[in-house]
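The sequence shown begins at 25 in my numbering and counts up by one. Written out below as structure tokens is the structure these notes cover.
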Amino acid sequence: MNKKPRRGTEPLPVGKAPTHPVLGQAYPRSIVDWEGSTYALLPASIRRPKLLAVVGDTKDLRRAESDTGSDGLALCPLSADNLQVLRQRLFWLRPRLLGQRTGGGCGDRLGLATPGHVRAVRGTTVVPVFAQQSVRENVRTGRTPRQVIDDAAWGILQEGWRELWGADADHLKTPEDIDPFARAGFSFYTIDPGAHVDNEAHDADASVLAGKWSALPWTELRDSPEAMVSRYLDRTVRAEDLELVFDRVHLQRAACKYGRALAHVAYMYGQVVERLRGAPFEVEVSVDETETPTSPLEHWFIASELKRLGVQWVSLAPRYVGRFEKGVDYIGSLTDFERDFAAHAAIARTLGPYKLSLHSGSDKFSIYPIAMRHTMGRVHLKTAGTSYLEALRTISSANPGLFREILDFGRGRYETDKVSYHVSADPARVPAAASLPDGRLPAVLEQFDGREVLHVTFGSVLERFGLSLKETLTRHEELYYTTLQAHFERHLAPFSKNPTAQSSKKESS
Ligand SMILES: [Zn+2]
Numbered sequence: 025m026n027k028k029p030r031r032g033t034e035p036l037p038v039g040k041a042p043t044h045p046v047l048g049q050a051y052p053r054s055i056v057d058w059e060g061s062t063y064a065l066l067p068a069s070i071r072r073p074k075l076l077a078v079v080g081d082t083k084d085l086r087r088a089e090s091d092t093g094s095d096g097l098a099l100c101p102l103s104a105d106n107l108q109v110l111r112q113r114l115f116w117l118r119p120r121l122l123g124q125r126t127g128g129g130c131g132d133r134l135g136l137a138t139p140g141h142v143r144a145v146r147g148t149t150v151v152p153v154f155a156q157q158s159v160r161e162n163v164r165t166g167r168t169p170r171q172v173i174d175d176a177a178w179g180i181l182q183e184g185w186r187e188l189w190g191a192d193a194d195h196l197k198t199p200e201d202i203d204p205f206a207r208a209g210f211s212f213y214t215i216d217p218g219a220h221v222d223n224e225a226h227d228a229d230a231s232v233l234a235g236k237w238s239a240l241p242w243t244e245l246r247d248s249p250e251a252m253v254s255r256y257l258d259r260t261v262r263a264e265d266l267e268l269v270f271d272r273v274h275l276q277r278a279a280c281k282y283g284r285a286l287a288h289v290a291y292m293y294g295q296v297v298e299r300l301r302g303a304p305f306e307v308e309v310s311v312d313e314t315e316t317p318t319s320p321l322e323h324w325f326i327a328s329e330l331k332r333l334g335v336q337w338v339s340l341a342p343r344y345v346g347r348f349e350k351g352v353d354y355i356g357s358l359t360d361f362e363r364d365f366a367a368h369a370a371i372a373r374t375l376g377p378y379k380l381s382l383h384s385g386s387d388k389f390s391i392y393p394i395a396m397r398h399t400m401g402r403v404h405l406k407t408a409g410t411s412y413l414e415a416l417r418t419i420s421s422a423n424p425g426l427f428r429e430i431l432d433f434g435r436g437r438y439e440t441d442k443v444s445y446h447v448s449a450d451p452a453r454v455p456a457a458a459s460l461p462d463g464r465l466p467a468v469l470e471q472f473d474g475r476e477v478l479h480v481t482f483g484s485v486l487e488r489f490g491l492s493l494k495e496t497l498t499r500h501e502e503l504y505y506t507t508l509q510a511h512f513e514r515h516l517a518p519f520s521k522n523p524t525a526q527s528s529k530k531e532s533s
């Protein structure tokens, strides 16, 4: 076989779709004819992982070792280098800005979920964030921002998504956190100043507040106590029907609680601008992972101060009332939540408009309609761990033995692994694997304690069982995708303005 010449590096004429028998084995939705070349993804087989097939312009693409270089076709590994070449050609493989559109964050800790996410998003009016991982999750999963965005892009290619999507560098706390995301081309930067929120100020008395007030970082805030007082003290501000009065205690409390955090956001924002070097990006500000709720008055203070400091953001995540535990529904009074959320939404419209962001948004089914109603779609939902739980659901039927090991291991790890999470499960209420017949294993994922235990132990589970877990999911990928699709349709339908989304999706998947 002739290995050297004519590998089809010369572009084929536009509009003339080339064909090749190999494309018959490709994921049907992955086949794309673009500017004279054809691209497709081939599923993994027993002998090799997934491959990229290119007919036409194969310049700059690195080929797989198994590629014999025959008849104008290149078979290429799904490497970062090859994806970089593809991104230059197929622009929809690059993340873009979501703006004020309703957003849906689809965090994927395993890097295998995007095709399932795509199927669920298709037909809705929700703009997806297919790459979304926090710094903490990267540490626990041993993945890099580059891998996260690349896995999402390959999934997008596989499932034929051509529309807008975003890539969220989630919970950035230090300037150093930004670099690997900026290099990998993320589009959405979530700044988390939570470590600088002074929760003590939440119910400190007036004398303590006075002390904290004078110790605020006034220089970093480009402000002075006198100037702040003149801007707020005894002012009544209005957000639609909502009236907020900045008396001395409320002003000082807001300033003491969030002052350092605001200075940090302004600093981080400058760092993002510098590191992005003119590339388009958007920012979210999140104070969701703090101990005490953000009152509407504090929200007003945060937003108006960030504006004064020149920060521009598309979404903001206050800490709402109630409990947002991982992978389970909202805990708290829905009436209280609705009152609180409506106030935040009015402020976001008055001072923005910007979106309200729902962090730890997985499985909060009871509040989705409230969130949609009060924001009229100016809302961003973030989910992450729930796709991992759907992976475990897949494992529970595809590989019950492995699920049993993960379950018992997770029960043992929970007390250690739960430390940085808001969870309240009692591991004693999670059944031991030996007590369950195979058919009852998926039911663990219907149980509150079971979900939380399996959710927060993902890091140690991946360390120990990651290879076999991913191997099972790859072998049963279709089952994983359909499981995810069903689960995500429940998440996205309440946020979609397209009432036919549910039915039209069924046939398109
Ligand atoms: Zn969060």
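By construction, the Cβ of each residue, glycine as well, lies at the ideal position given by its N, Cα and C atoms. Fair warning: this is a prediction, and the values are worked out from it, not measured in the lab.
**Message:** If you follow the alpha helix (DSSP H) that residue 261 is in, where does it begin and where does it stop?
**Reply:** The count along the sequence shown starts at 1 and reaches residue 261 at position 237. Note, residue 261: premise wrong, no alpha helix (DSSP H); beta strand (DSSP E) at 260–263.
**Request:** Give a yes or no on contact between the segment 376–396 and the segment 86–101, applying the rule of three or more CB pairs nearer than 8 Å.
**Result:** no
**Asked** Buried or exposed: where does residue 439 fall if 16 or more other Cβ atoms within 10 Å of its Cβ makes it buried?
**Response** Position 415 of the sequence shown holds residue 439. The residue in question, residue 439, is exposed, as its Cβ has fewer than 16 Cβ neighbours within 10 Å.
**Message:** Using C-beta distances below 6 Å, list every residue in its chain close to residue 513, excluding the 5 sequence neighbours before and after it, in chain order.
**Reply:** The residue given as residue 513 occupies position 489 in the sequence shown. Same-chain partners within the cutoff: 144.
**Item:** For residue 22: DSSP bridge partner residues
**Value:** Residue 22 falls outside the range modelled here, since the chain spans only 25 to 533, and no answer is possible.
**Prompt:** Which whole-angstrom value describes the C-beta separation of residue 516 and residue 150, a residue pair presumed to lie in contact below a C-beta threshold of 8 Å?
**Reply:** Walking along the sequence shown from the start, residue 516 turns up at place 492. Walking along the sequence shown from the start, residue 150 turns up at place 126. About 5 Å; that satisfies the 8 Å criterion.
**Contact set for residue 355: own chain, Cβ-Cβ below 7 Å, skip 5 residues either direction** = To locate residue 355, count along the sequence shown from 1; it is residue 331. 346, 347 and 349.
**Request:** For ligand 1, list every residue whose C-beta falls under 5 Å from any of its heavy atoms, going in chain order.
**Result:** 312 and 383
**Request:** Kindly list the residues whose CB is nearer than 7 Å to the CB of residue 433, restricted to its own chain and excluding five residues on each side of it in sequence; keep chain order.
**Result:** Indexing the sequence shown from 1 puts residue 433 at position 409. Closer than 7 Å at the Cβ level, and outside the excluded window around residue 433, lie 485 and 488.
**Item:** With 16 other Cβ atoms within 10 Å as the buried cut-off, status of residue 388
**Value:** Residue mapping note: residue 388 aligns to position 364 of the sequence shown, counting from 1. Buried is the call here.
**Inter-residue spacing [alpha-carbon to alpha-carbon] between residue 191 and residue 231** = The count along the sequence shown starts at 1 and reaches residue 191 at position 167. The count along the sequence shown starts at 1 and reaches residue 231 at position 207. Their Cα atoms are separated by approximately 45 Å.
**Message:** Going by DSSP, what residue range makes up the alpha helix (DSSP H) through residue 109?
**Reply:** As a working note, residue 109 is residue 85 in the sequence shown. Unbroken alpha helix (DSSP H) run through residue 109: 104–113.
**Asked** What span of residues does the beta strand (DSSP E) with residue 58 cover, start to end?
**Response** Indexing the sequence shown from 1 puts residue 58 at position 34. Its beta strand (DSSP E) spans residues 56–58.
**Message:** Closer than 8 Å is the cut-off here; do at least three beta carbon pairs connect the segment 320–339 with the segment 115–131?
**Reply:** yes
**Asked** Do you know offhand how far residue 455's Cα is from residue 418's?
**Response** Here residue 455 refers to the residue found at position 431 when the sequence shown is read from its first residue. Here residue 418 refers to the residue found at position 394 when the sequence shown is read from its first residue. Roughly 19 Å between the two C-alpha positions.
**Prompt:** To the nearest whole angstrom, what separates the beta carbons of residue 496 and residue 131, a pair I think is in contact under 8 Å?
**Reply:** Start at 1 with the first residue of the sequence shown, and residue 496 comes out as number 472. Start at 1 with the first residue of the sequence shown, and residue 131 comes out as number 107. At roughly 20 Å, the Cβ-Cβ gap does not stay under 8 Å, so residue 496 and residue 131 are not in contact.
**Request:** Indicate whether residue 404 and residue 127 have their beta-carbon atoms separated by less than 9 Å.
**Result:** Here residue 404 refers to the residue found at position 380 of the sequence shown. Here residue 127 refers to the residue found at position 103 of the sequence shown. Yes, they are a contact pair.
**Item:** Contacting residues, own chain, Cβ-Cβ under 7 Å from residue 532 (five flanking each side not counted)
**Value:** As a first step, residue 532 is located in the sequence shown; it is residue number 508 there, counting from the start. Confidence is the limiting factor: at residue 532 the pLDDT is only 42, short of 50, which leaves the residue's position unreliable, though a coordinate-based value still follows. Taken in chain order, the residues that qualify are 146 and 147.
**Request:** Could you tell me which residues DSSP puts in a beta bridge with residue 379?
**Result:** By 1-based counting over the sequence shown, the position of residue 379 is 355. Its beta-bridge partners are 339.
**Prompt:** Going along the chain, which residues of its own chain have a beta-carbon closer than 8 Å to the beta-carbon of residue 534, five neighbours each way excluded?
**Reply:** Residue 534 lies beyond the residue range present for the chain, which begins at 25 and ends at 533; the question has no answer from this structure.
**Asked** For residue 347, does the three-state DSSP call read helix, strand or coil?
**Response** Position 323 of the sequence shown, counted from the start, is the residue given in the question as residue 347. Correct three-state label for residue 347: strand.
**Message:** Could you tell me which whole beta strand (DSSP E) segments of length 3 or greater appear in the segment 262–341?
**Reply:** 266–269, 306–310 and 339–341
**Prompt:** The alpha helix (DSSP H) spanning residue 205 covers which residue range?
**Reply:** For the purposes of this step, residue 205 is identified with residue 181 of the sequence shown, where counting begins at 1. Residues 199–208.
**Asked** Between the C-alpha atoms of residue 310 and residue 68, what's the straight-line distance to the nearest angstrom?
**Response** The residue labelled residue 310 in the question sits at position 286 within the sequence shown. The residue labelled residue 68 in the question sits at position 44 within the sequence shown. Roughly 39 Å separates the two Cα atoms.
**Asked** What are the boundary residues of the beta strand (DSSP E) that residue 395 is part of?
**Response** By 1-based counting over the sequence shown, the position of residue 395 is 371. Premise fails: residue 395 lies in the alpha helix (DSSP H), 392–399, not in any beta strand (DSSP E).
**Message:** Run through the DSSP bridge pairs and tell me what residue 212 is partnered with.
**Reply:** Start at 1 with the first residue of the sequence shown, and residue 212 comes out as number 188. Per DSSP, 192 and 306.
**Asked** If residue 250 and residue 287 are in contact, beta carbons under 8 Å, what's the gap, nearest whole angstrom?
**Response** Counted from its first residue, the sequence shown places residue 250 at position 226. Counted from its first residue, the sequence shown places residue 287 at position 263. Rounded, the Cβ-Cβ distance is 18 Å, inconsistent with contact.
**Message:** On the DSSP letters alone, give me the boundaries of the beta strand (DSSP E) that residue 354 sits inside.
**Reply:** Here residue 354 refers to the residue found at position 330 when the sequence shown is read from its first residue. That residue, residue 354, is in no beta strand (DSSP E); it is neither H nor E in DSSP.
**Message:** If I follow the unbroken beta strand (DSSP E) through residue 544, where does it start and stop?
**Reply:** Outside the displayed range of the chain (25 to 533) lies residue 544, so it cannot be described from this structure.
**Prompt:** residue 154 to residue 45, Cα distance in whole Å?
**Reply:** Taking the sequence shown and counting its residues from 1, the one referred to as residue 154 is at position 130. Taking the sequence shown and counting its residues from 1, the one referred to as residue 45 is at position 21. Taking the straight line from one Cα to the other gives about 31 Å.
**Request:** Tell me whether residue 66 sits in a helix, a strand or coil according to DSSP, three-state version.
**Result:** Counted from its first residue, the sequence shown places residue 66 at position 42. Three-state result, residue 66: strand.
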